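In our numbering, the protein residues as written are 1 to 139.
Quick reminder that beta carbons are idealized off the backbone N, C-alpha and C, glycines included.
Fair warning: this is a prediction, and the values are worked out from it, not measured in the lab.
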């Protein structure tokens with residue numbers, strides 16, 4: 001990471017955004033690759049969420065977004081890298097659209113992780129794109 005010549009918070013935020021876009025592009029390229037290596041294993045969901053929140057902590061603070069996080073106490077069968085990527089993308093969008101608001105992370109039931117913000121929202125027709133089960137789960 002190149003942060004030595006970066007002085008202002010705006011410059012740091014811009015560098016972070018560029019790094020995230022590069023990472024996203026690389027991840028999408030890997031998805032199309034025949035050599036995509038999914039390693040399914042039991043993962044502690046709280047650990048993945050905490051890593052993602054830590055990664056976006058600076059933006060939470062800078063955009064004055066409050067975080068309400070309830071430990072989910074859940075183990076999921078997933079690929080840790082891809083699950084982390086999905087959670088990071090959801091957090092990124094939540095922080096982007098909830099400026100001065102709140103982002104909540106909690107389990108709705110034993111199979112539904114909710115990452116919710118009080119931003120401008122998505123039209124109801126678009127919901128099916130964002131809702132997917134974490135099954136099989138062991139909570």
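{"Check": "Between residue 104 and residue 116, which are expected to be in contact by the criterion C-beta below 8 Å, what is the C-beta distance as a whole number of angstroms?", "Outcome": "5 Å"}
{"Check": "Exposed or buried, which one is residue 49 when buried takes at least 16 other CB atoms within 10 Å?", "Outcome": "buried"}
{"Check": "Grab me the residues of residue 51's own chain with a C-beta within less than 8 Å of its C-beta, minus the 5 sequence neighbours each way, in chain order.", "Outcome": "84"}
{"Check": "Checking 8 Å against the spacing of the C-beta atoms, do residue 76 and residue 67 come in under that value?", "Outcome": "no"}
{"Check": "By the three-class DSSP mapping on this structure, what secondary structure does residue 48 have?", "Outcome": "helix"}
{"Check": "Does the distance from the C-beta atom of residue 78 to that of residue 40 stay below 8 Å?", "Outcome": "yes"}
{"Check": "Would you kindly work out how many angstroms separate the C-alpha atoms of residue 95 and residue 23, rounded to a whole number?", "Outcome": "18 Å"}
{"Check": "Measure the C-alpha to C-alpha separation of residue 38 and residue 112 and round it to an integer number of angstroms.", "Outcome": "22 Å"}
{"Check": "Would you kindly work out how many angstroms separate the C-alpha atoms of residue 20 and residue 91, rounded to a whole number?", "Outcome": "12 Å"}
{"Check": "Considering Cα atoms alone, identify which of 81, 63, 44 is closest to residue 100.", "Outcome": "63"}
{"Check": "List the endpoints of the continuous beta strand (DSSP E) containing residue 105.", "Outcome": "102-109"}
{"Check": "Distance, Cα to Cα, residue 14 vs residue 69?", "Outcome": "26 Å"}
{"Check": "Just tell me which of 120, 118, 119, 110 has its CA closest to the CA of residue 45.", "Outcome": "110"}
{"Check": "CB-CB under 6 Å to residue 108, same chain, minus the five flanking residues each way: which ones, in chain order?", "Outcome": "114"}
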